[in-house]
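Read the structure below first, then the notes.
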Amino acid sequence: MRTKILAALVVVGPALLLAPVERRIQAERKHLKYGGIPVTRQVREVIGQGTAMALLAGFRGVVADFLWIQSQTFWEKREWLRQYRNIELVTLLQPQSVLFWDVGQWHMAWNIAYGARTDPANRTEAAGIKREREWQERAREFLQRGIENIPHRYNLYFAMGWLYWQKFSKWQPEAYARAAEYFGRALAFPDAPLSIGRLYAHALEKAGRKRDAYAYWKMLWENKNQPHQAWNVVEREVKRLENELKIPENERVFLPSRP
Amino acid sequence: MDAIRTENLTKKYALGWRRGKLLALERLNLRVREGEVYGLLGPNGSGKSTTLKLILGLITRTEGNAWIFDVPCDKVESRLRVGFLPENPYFYRYLTGAETLEFYGRLCEMKGAALRRRIDELLELVGLAKARDRRLAGYSKGMLQRIGLAQALMHDPQLLLLDEPTAGVDPIGSRDIRDLILRLKAMGKTVLLCSHLLAQVQDVCDRIGVLNLGQMILEGHVNTLISDQRRLSFTVQDLPADGRARVEEAVRAAGGRVVAVEHPQTTLESLFLDALRKDRRGMGHHD
Amino acid sequence: MTERVGFSMGRVGTIAVNTFTESVRQKVYNILLIFALVAIASASFFAQFSFSEQLKFVKDFCLGALSVFGALIAIVGTAQMLPAELENRTLYTILAKPVRRFEFVLGKYLGSVLLICVSLLIMAVMFGGVLWFKEHKLVADALAGATGVPADELPQTIRQIRAEAFDSDLVKGALLIFVKLGLLAAVTLLVSTFSTSMVFNVAVTLMVFVAGHLRGPAAEMWAHRPVALALLAAVPDLGAFNVADDIIIGNVIPWRHVGLVAGYGLVRIVILVWAAHLIFSRREI
Numbered sequence: 001m002r003t004k005i006l007a008a009l010v011v012v013g014p015a016l017l018l019a020p021v022e023r024r025i026q027a028e029r030k031h032l033k034y035g036g037i038p039v040t041r042q043v044r045e046v047i048g049q050g051t052a053m054a055l056l057a058g059f060r061g062v063v064a065d066f067l068w069i070q071s072q073t074f075w076e077k078r079e080w081l082r083q084y085r086n087i088e089l090v091t092l093l094q095p096q097s098v099l100f101w102d103v104g105q106w107h108m109a110w111n112i113a114y115g116a117r118t119d120p121a122n123r124t125e126a127a128g129i130k131r132e133r134e135w136q137e138r139a140r141e142f143l144q145r146g147i148e149n150i151p152h153r154y155n156l157y158f159a160m161g162w163l164y165w166q167k168f169s170k171w172q173p174e175a176y177a178r179a180a181e182y183f184g185r186a187l188a189f190p191d192a193p194l195s196i197g198r199l200y201a202h203a204l205e206k207a208g209r210k211r212d213a214y215a216y217w218k219m220l221w222e223n224k225n226q227p228h229q230a231w232n233v234v235e236r237e238v239k240r241l242e243n244e245l246k247i248p249e250n251e252r253v254f255l256p257s258r259p
Numbered sequence: 260m261d262a263i264r265t266e267n268l269t270k271k272y273a274l275g276w277r278r279g280k281l282l283a284l285e286r287l288n289l290r291v292r293e294g295e296v297y298g299l300l301g302p303n304g305s306g307k308s309t310t311l312k313l314i315l316g317l318i319t320r321t322e323g324n325a326w327i328f329d330v331p332c333d334k335v336e337s338r339l340r341v342g343f344l345p346e347n348p349y350f351y352r353y354l355t356g357a358e359t360l361e362f363y364g365r366l367c368e369m370k371g372a373a374l375r376r377r378i379d380e381l382l383e384l385v386g387l388a389k390a391r392d393r394r395l396a397g398y399s400k401g402m403l404q405r406i407g408l409a410q411a412l413m414h415d416p417q418l419l420l421l422d423e424p425t426a427g428v429d430p431i432g433s434r435d436i437r438d439l440i441l442r443l444k445a446m447g448k449t450v451l452l453c454s455h456l457l458a459q460v461q462d463v464c465d466r467i468g469v470l471n472l473g474q475m476i477l478e479g480h481v482n483t484l485i486s487d488q489r490r491l492s493f494t495v496q497d498l499p500a501d502g503r504a505r506v507e508e509a510v511r512a513a514g515g516r517v518v519a520v521e522h523p524q525t526t527l528e529s530l531f532l533d534a535l536r537k538d539r540r541g542m543g544h545h546d
Numbered sequence: 547m548t549e550r551v552g553f554s555m556g557r558v559g560t561i562a563v564n565t566f567t568e569s570v571r572q573k574v575y576n577i578l579l580i581f582a583l584v585a586i587a588s589a590s591f592f593a594q595f596s597f598s599e600q601l602k603f604v605k606d607f608c609l610g611a612l613s614v615f616g617a618l619i620a621i622v623g624t625a626q627m628l629p630a631e632l633e634n635r636t637l638y639t640i641l642a643k644p645v646r647r648f649e650f651v652l653g654k655y656l657g658s659v660l661l662i663c664v665s666l667l668i669m670a671v672m673f674g675g676v677l678w679f680k681e682h683k684l685v686a687d688a689l690a691g692a693t694g695v696p697a698d699e700l701p702q703t704i705r706q707i708r709a710e711a712f713d714s715d716l717v718k719g720a721l722l723i724f725v726k727l728g729l730l731a732a733v734t735l736l737v738s739t740f741s742t743s744m745v746f747n748v749a750v751t752l753m754v755f756v757a758g759h760l761r762g763p764a765a766e767m768w769a770h771r772p773v774a775l776a777l778l779a780a781v782p783d784l785g786a787f788n789v790a791d792d793i794i795i796g797n798v799i800p801w802r803h804v805g806l807v808a809g810y811g812l813v814r815i816v817i818l819v820w821a822a823h824l825i826f827s828r829r830e831i
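Chains as they are written, first to last, in our numbering: chain A, 1 to 259; chain B, 260 to 546; chain C, 547 to 831.
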C-alpha cells in the first residue's frame, strides 16, 4: 500500500512540474492554429457526444471528411441547405484547410447557385436569378471568412478574384476591379502560379485600367526568370496593347507590324 | 558449506483490510548440505512454496534470514548458483525448445559458441534433442518438465530447486527425471525438491523434512526414518516346503516373534517398466 | 568472493526481443491485415472528388487507422504481458535467475516499444504504397485529360499532386503518434505491475486515454477545483500529440515543436516506467 502511494506521488509530482511545459505546448498549438476550434459545449450539442469524442481523440480530419462526403450526397439529392450546413460545419472543424473553403465556395457559387436558378420550383425566371445571386453572395461572404482564417496563403485570394471575375462580373459593375485587387493580393505570395499574373493583367484591362495592364504585361515579358511562362500569350498581349494604346516606337518592346 | 541455510525464517501474509495476517511459515531452521538431495514434504498450504519463494527472493521475509552458499537471499548474486523449476510450467508457447534454452542462457549472459554447445548438451541430457525445433505448445507434459529442468541447468548451478518435478508425468518420464536427479547428485550438485508423490521421494532423497501449517514437524534421513529398527527382514530363497516351519521355530527359540511371512513384492512401477522394456516394439511414447 | 551482478543492458535486450517475438508469433499481425484493407479501401472509392480531396481522404483515413490499430496493439499487447508471464510461470523462472527486477520491467517495456515500432513501420509502408499507387493513378488521369485541366497547366497540376501525395511532414505526424503509443504502453505497463487482470489493465488505460484528451475542456470546467486539476495533471496531455490532422490540411509544423512534444512524451514515459519499477520491485509474486 505504501508503495502504491509512493508510486502515485512519483507519477503526480513530476507531472505537476511539467505543467509549464504543457502550457507552452498549448500556447504553441494555439499560435500555429492546430486543433481547430475548441470543443466547447455548444459544439458538442451540434455534433453530438460521440463525434465530439472522435474530434478530441484526434480524428478531426476523418470526421470532417465524413461530413464532406455526406455533403456530396446532399448535393446529389438537391438538398442544398443541408449541403451548406455541412460545408459550414466542416470549415468550423478544420478552419485551416484551404481545400474546404475553396471547394465549399465553389459548390455554393457555381453548383448550388445554378441549381437554384434552374429549379423548376421557381415561379419566374427573375425569382431564379434572385436565388442564384443570393447563393453567390453567400459564397462570397463564406470565402471572406476563409480569407480571415487563412490570410497567409495565396489560394483563397485567388478564389475570391476568380469568383468576382466569373460570377459577380455579370451583375456587379465593380466586379473586375475587385477581381484585379484579389489577384494582386494572391500574387504577393511566392508560390502563386504564373497564370494568376496573366489573369491579373486581364482583369486590370477589363476594369478599365489599360495602361496598368500594359505595364504589367511588359514587366512579365521582361522577367526572364520564369521558365514555365506562357510566352506566346504574353507576347501577344504586349503587342496588342502597344498597338491599342498607340505606344510611341521608342518605348515599345515590339516594333509595329507593317501593314 | 551449506547449500541452503535458514535461521528463524518467518513469513506473514497480510490478508487485506482488517482480516489480520496469515502465518505461512514460522521460524524455519533449515540446513541443506552441499551434495545432498533433500525432499521438502507437506500438505497443500503447509509453506513449501513459500519456503522456495523466500529462498529465491521472489517474496520478502518477515523475520529471520536465509542464505544460498552463504550469500543472503535478498541479493541478486545469490541466484548465480541456483536453478529453479516451478510447478506446472508452460514457458513461452511460441518458442521452440532450443530457442527457450537460448533465451534463458542469454539471461545468464551466455553467448556465442559456448551458448550453442550448452544448449546441445542439455537437450541431449534431458532427451529432447529430437524435439529441439518444435514449439513448446506442441510438447507433452513430460517434455515440458524436461525442458524446464534444462533451463534450470543452463548456467550450471550448484543448487537446484524443483517444485513437483514429476507431477502429471507418466511413469517412464518420471523414471527418467528421477534418474536425472540421481545423475546430478553424482555430479556433486545439491537438490531441494518438493513433491506429493511420496514413493518417488523415497527413491531419490537422502533427507526429508515435513512441513505442516508453516512448521517443520519431522526431519531426518529417509532410510533411518522409514526403517523400523525393531524388526529384521530376511529374504530367503530355495527353501524346501518343511524348511519354513523349522525357520519359524528357530526364531521362536531365539526369543523373537515371527510377525509376517510373505512373498516379497516388487513395485508396480518396476513391473510396468519391465513389461514395456520387454515389448519388442520399443518403449516410450509417440514423442 | 562472490561476483557482483551489475545492471546488464544485454539482459534487458534479451527480455525485450523475447517479448517482441512472443507477441509477433501470437498473430498480433492479423490486425495489420485489417489496416491494409482500410488503406486500400480509402484509396479506391471517392473517384468523383478532386485529386486534392481524394488525397486528403487517403491520408486522413490511413493515419486515423494507423493511430487506432497502433493503440490496440500497444495497449492490448502490453496489458497481457505480465499476467501471461505469471500464468505461464515464466516470471518465476526468469526472476529465479540473476536478473534484476528493473531489468525485467525495462525489458518488457522495450519489447512493447519494439512491437509498436515494427507495427507502425509496416503500416507506414503499406500507407506509402497506397499513396504511391494513388498518385500514379491521379497523374495518369490528369495526363489523359480526365480532369479537364488545360494542357499548359498540367505540369503544375502534376507537381501539385506529387507534393500533396508525398508530403514529408507526414513523418512528423507519424513520429508523434509513435511517442503517444509508447506513452499509452507505459501507462498499461504501470497498471499491470499491480493488477493481473488484463481487462482491468486495458480499461484503466482507456480511461487515461479519454482523460488525456479531455484535458482541454476539463481544464476549463474545473478551473476552480485545484484537487481535480492536480489529478488531471497526472494524466498526460494526449491532445498535444495529434498533429496529423493539421499536417494533412497543409498547416506548417516546425521541428522545434515536434521536438518539444516528443521530449514531453519521453519525460512522461520515464516517470511512468520509474513508477512501474517502484511497484514491481517490491511486489510479492
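Where is the CB? At the ideal position from N, CA and C, for every residue including glycine.
For A642 (chain C), a Cβ of chain B is located within less than 8 Å of the residue's own Cβ.
Residues of chain C whose Cβ lies closer than 7 Å to the Cβ of L366 (chain B) are, in chain order, R557, T560, I640, K643 and V645. Counting only the Cα atoms, Y351 (chain B) lies some 11 Å from Q572 (chain C). For I815 (chain C), the closest of A:G161, A:T40, A:A186 and A:V12 by C-alpha to C-alpha distance is A:V12. Counting only residues of its own chain and dropping the five nearest sequence neighbours on each side, D329 (chain B) has a CB closer than 7 Å to the CB of M260. Between the alpha carbons of R705 (chain C) and V685 (chain C) lies a distance of about 9 Å. Here DSSP, grouped into helix, strand and coil, assigns C453 (chain B) to strand.
Judged by DSSP secondary structure, Y351 (chain B) falls outside any alpha helix (DSSP H); it is assigned neither H nor E. Within the DSSP bridge table, the entry for Q474 (chain B) names B:N471 as partners. Residue C:H682 holds the alpha-carbon nearest to the alpha-carbon of F597 (chain C) among C:G674, C:H682, C:V789 and C:R647. Bounds of any beta strand (DSSP E) do not take in G48 (chain A), whose DSSP letter is neither H nor E. When Cβ-Cβ separations below 8 Å define contact, T3 (chain A) makes contact with chain C. Around Y34 (chain A), the beta-carbon contacts reaching into chain C at under 7 Å are V789, D792 and N797. Cβ contact annotation for D791 (chain C) (same chain, cutoff 8 Å, sequence separation greater than five): D606, in chain order. Per DSSP, reduced to three states, the secondary structure at N788 (chain C) is coil, with no helix or strand assignment. Under the DSSP definition of a beta bridge, E266 (chain B) partners with B:N324. Inter-residue distance for R117 (chain A) and P696 (chain C) is about 28 Å (C-alpha atoms, whole angstroms). With respect to the 8 Å criterion, L721 (chain C) and V804 (chain C) are classified as neighbours on the basis of their beta carbons. The C-alpha of G364 (chain B) lies about 13 Å from the C-alpha of I406 (chain B). Taking a 10 Å sphere around the C-beta of T494 (chain B), we find fewer than 16 other C-beta atoms and assign the residue as exposed.
With contacts defined by Cβ atoms closer than 8 Å, V773 (chain C) and V754 (chain C) do not form a contacting pair. Residue contact with chain A for V737 (chain C): absent (no Cβ-Cβ distance below 8 Å to any residue of chain A). Under the criterion of beta carbons closer than 8 Å, T355 (chain B) and D392 (chain B) qualify as touching, at roughly 5 Å. Interface annotation, F712 (chain C): not in contact with chain A, CB-CB separation never under 8 Å. Taken through DSSP and simplified to helix, strand or coil, L245 (chain A) comes out as coil.
Straight across, the Cα-Cα distance linking Q496 (chain B) with E508 (chain B) is about 18 Å.
Between G479 (chain B) and L284 (chain B), the C-beta spacing is not below 8 Å. If you check the CB distance, I327 (chain B) and I263 (chain B) come in under 8 Å. For L527 (chain B), the enclosing alpha helix (DSSP H) covers residues L527 to K537.
For the segment 623-640 of chain C, the set of residues with a beta-carbon nearer than 8 Å to any beta-carbon of chain B comprises E633, N634, R635, T636, Y638, T639 and I640, in chain order. A buried status is given to A786 (chain C), since no fewer than 16 other beta-carbon atoms sit within 10 Å of its beta-carbon. Taking each of A:R131, A:P14 and A:T3 in turn and checking the Cα distance to L778 (chain C), the smallest one comes out for A:P14.
Taking the beta carbon of W820 (chain C) as reference, the chain A residues within 8 Å of it are V10, listed in sequence order. Within the segment 323-335 of chain B, contact with chain C at the beta-carbon level (separation under 7 Å) is assigned to V330 and V335. Counting the other Cβ atoms within 10 Å of the Cβ of P348 (chain B) gives 16 or more, which makes it buried. Only buried fits T310 (chain B), as 16 or more other CB atoms lie within 10 angstroms of its CB.
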